[in-house]
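Asker: For the sequence shown, position 184 (counting from the first letter as 1) is numbered 177 according to my numbering, and the numbering increases by one without interruption. Quick reminder that beta carbons are idealized off the backbone N, C-alpha and C, glycines included. First the structure, then my questions, so here it is.
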Amino acid sequence: MEKYPSFGQETSSRNSEVIHAGIYYPLDSLKLKTCLEGNRLLYEFCQAHNILFKRTGKLIIAINKEEEKDLEQLFKRGRENGVKDLEQLPIAKLHTVEPHIKATAALFSPSTGIFDTHSYMKQLAASFKKDGGQIAYNTELTKITKINNGYELSVIDNGKESFTFDSRIVINCGGLHADKVAVTAGLALEEYRLKYCKGDYFRLAPAKASLIKHLVYPVPKPSSGGLGIHLTPDLSGSVRLGPDDEYVKEIDYNINAAKAAAFCESVNGFFPKVTLEDITPDTSGIRPKLQGPGEGFRDFIIRNEEDRGLPGLINLIGIESPGLTASLSIARLVAGLVKPIL
Ligand SMILES: Cc1cc2nc3c(=O)[nH]c(=O)nc-3n(C[C@H](O)[C@H](O)[C@H](O)COP(=O)(O)OP(=O)(O)OC[C@H]3O[C@@H](n4cnc5c(N)ncnc54)[C@H](O)[C@@H]3O)c2cc1C
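Right under this line is the structure:
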C-alpha cells in the first residue's frame, strides 16, 4: 500500500543517492550489518538490471590537526567495521586526484558510489509485480486492528472511500510516518517517536562542478544529525552541496535560500573555489530520526512485535541513512522474520 499515486514520493527520492561503505556505524549495529551487506547487494542488483551507478569513490578529509585526530579514529572505526578497502591517502596523491581540494589528511573509500534511485525503485516495483505482488497506490492505511489470526487494516482509497481488509502479516515501512502507523496498532511507544531532521541541498554551477570528481566529505561533527555538508556528484556530472541538518517540527520541503552563505562557508574550508554566486537552492529531504538533537546513536528498529502481543506485525522505524544502501539487506532481514510465520 502506498498513499501517493506512485512510489518514492518521500525520502527515497530526497537524498544523496550514495551507496555507502559502512565506515561510520558502531560495531554490532543493524545499520552497519545491513549497510555492509546492502552495499554488495546493491552493486550486484544495479549491474544485473542495468541501473546506472558509478563507483566514484569517496574522500573524507581533515583540514586541521584537530580533525586529523578524528579522521584517524574514523579510519580505525571503518577498518574494524569491515570496510577492508578504506585507505589513508597521502596528501600528494589527494592533490593529484582532486587538485582543487584543500586538506591536511584524507581517507579514500573506493567502494562508495552513487546510483540512480528512481530506476532502482522502478525495477523493485517491476520485480515485485512479476513475482505476483500487487501495489495499491492512492491507498492510505489509517488503522491496524488485531483480530484472530492476523489484522484488520482500515484504508482510505483515493482520499475518499474507506474500506477494510484482513492480513495475517503487516510490514510497516512507512518512513517518516512509521511511528504513527505503529500508534494505530496500539504501539504508542516513546522509543518509536520519530524526530524530523531536515537536510537542504544547493547545486553547484557547472564550471565549478567540473573541478570535482569524487564524493568529498568533511569529518563529521559528533553533535551533527548528518555527515556534514559534502560535495555529491550525480550521474550527470552535476554536483550538489549538502545536506545540512536542522531539526524541524513539520514536513516542509521548502529550502531556505538564506542558508547559502553558511553552505558556502562550510565548503570553503576544503573547497575554496566556491563563491556565493556558484550555488543555488536545489532540493531537500527529511530524515526520520529516532534520536533528537545532540542525542547519541540510535539504531534501526526492525522487529516482529510478537512479544508485545502483536505477532506478525513487523515494524521498521527510524530508517534514515544508510537506509537506501541497506535496503536489499533490510528486505532479507524482514523476509527472515516473515518466513517462520508463513
Ligand atoms: C537528506 C537525506 C539524505 C540521504 N542520503 C542517503 C544516501 O546517500 N544513501 C543512503 O543509503 N541513504 C540516504 N538517506 C536515507 C534514505 O533515503 C532512507 O533511509 C530511505 O529512502 C528510506 O526508505 P523507506 O522506504 O523506509 O521510506 P520512504 O521512502 O519514505 O517510503 C515510505 C513510504 O511509505 C508511505 N506511507 C507512509 N505512511 C503511509 C500510510 N499510512 N499509508 C500508505 N502509505 C504510507 C509514504 O508515502 C512513503 O512513500 C538519506 C536521507 C535523507 C533525508
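Do you know whose CA, among Glu91, Tyr246, Ile44 and Ile222, lies nearest Gly50's CA?
Answerer: Considering only alpha carbons, the answer is Glu91.
Asker: Taking all protein chains shown into account, decide if Ser9 is buried (16 or more other Cβ within 10 angstroms of its Cβ) or exposed.
Answerer: buried
Asker: Measuring alpha carbon to alpha carbon, tell me which residue in Ser259, Val11, Arg301 and Ala85 is nearest Thr225.
Answerer: Checking every option, the nearest Cα to that of Thr225 belongs to Val11.
Asker: For a test of the three-state rule: what should DSSP assign to Pro338, helix, strand or coil?
Answerer: As shown, the chain starts at -6 and ends at 335. That puts residue 338 outside it, with no answer to give.
Asker: Please list, in chain order, all residues of the same chain as Asp140 whose beta carbon is under 8 Å from its beta carbon, the five residues on each side excluded.
Answerer: Just to set this straight, residue 140 is Ile in the shown sequence, not Asp. Contacts found: Asp159.
Asker: By Cβ distance, which residues of its chain are closer than 8 Å to Ile307, with the 5 residues on each side in sequence left out?
Answerer: Ile162, Val163, Ile164, Asn165, Ile295, Arg296, Asn297, Glu298, Val327, Leu330 and Val331
Asker: DSSP state of Gly143, grouped into three classes?
Answerer: strand
Asker: Hey, quick one: how far does the beta strand (DSSP E) through Ala200 stretch, first residue to last?
Answerer: Where Ala200 is concerned, there is no enclosing beta strand (DSSP E), although the alpha helix (DSSP H) it sits in stretches over Pro199 to Ala202.
Asker: As a quick exercise: from Met(-6), Tyr18 and Gln2, pick the residue whose alpha carbon is nearest that of Gly219.
Answerer: Tyr18
Asker: If you reduce the DSSP assignment to three classes, tell me which class Ala14 lands in.
Answerer: coil
Asker: Quick one, are the C-beta atoms of Val260 and Asp63 less than 9 Å apart?
Answerer: no
Asker: Going by C-alpha to C-alpha distance, which of Pro(-2), Ser102, Gln81 and Thr177 sits closest to His13?
Answerer: Selected option, being the one with the closest Cα: Ser102.
Asker: Looking only at its own chain, which residues have a Cβ that is under 8 Å from the Cβ of Lys26, when we skip the five neighbours before and after it?
Answerer: Ser322
Asker: Quick check: is the beta carbon of Ile137 nearer than 9 Å to any beta carbon in chain C?
Answerer: The displayed structure is made up of one protein chain only, and chain C is not part of it.
Asker: So is Ile128 buried or exposed if we call it buried at 16+ other beta carbons inside 10 Å?
Answerer: exposed
Asker: Using only alpha-carbon positions, find the residue among Lys282, Glu37, Leu335 and Lys266 that is nearest to Leu169.
Answerer: Lys282
Asker: Using only CA atoms, which one of Thr105, Glu184 and Arg196 lies nearest to Pro274?
Answerer: Arg196
Asker: Whole angstroms is fine: what's the gap from Glu65's alpha carbon to Pro315's?
Answerer: 22 Å
Asker: So what's Leu306 in DSSP terms, helix, strand or just coil?
Answerer: Assigned with DSSP and collapsed to three states, Leu306 falls in strand.
Asker: Quick check on DSSP: helix, strand or coil for Leu154?
Answerer: Note on residue identity: the sequence assigns Glu, not Leu, to residue 154. Strand at Glu154.
Asker: Within 10 angstroms of its Cβ, does Ala119 collect 16 or more other Cβ (buried), or is it exposed?
Answerer: exposed
Asker: What does the Cβ neighbour count give for Ser277, buried or exposed, with the cut at 16 atoms within 10 Å?
Answerer: buried
Asker: In the DSSP assignment, find the unbroken alpha helix (DSSP H) run with Tyr36 in it and report its ends.
Answerer: Leu23 to Ala41
Asker: DSSP beta-bridge partners for Ile295?
Answerer: Under DSSP, Ile295 takes part in a beta bridge, and its partners are Leu309.
Asker: How do the region 51 to 58 and the region 96 to 113 stand: do at least 3 beta-carbon pairs fall below 8 Å, yes or no?
Answerer: yes
Asker: Applying the 10 Å Cβ sphere with the 16-neighbour rule, what's the burial state of Thr318?
Answerer: buried
Asker: Mapping DSSP to helix, strand and coil, what is Tyr246?
Answerer: coil
Asker: Spatial neighbours of Lys24 within its chain, please: C-beta separation below 8 Å, excluding the five flanking residues on both sides.
Answerer: The beta carbon of Lys24 is closer than 8 Å to those of Tyr18, Asp292, Phe293, Pro315 and Ala319 in its chain, skipping five residues each way along the sequence.
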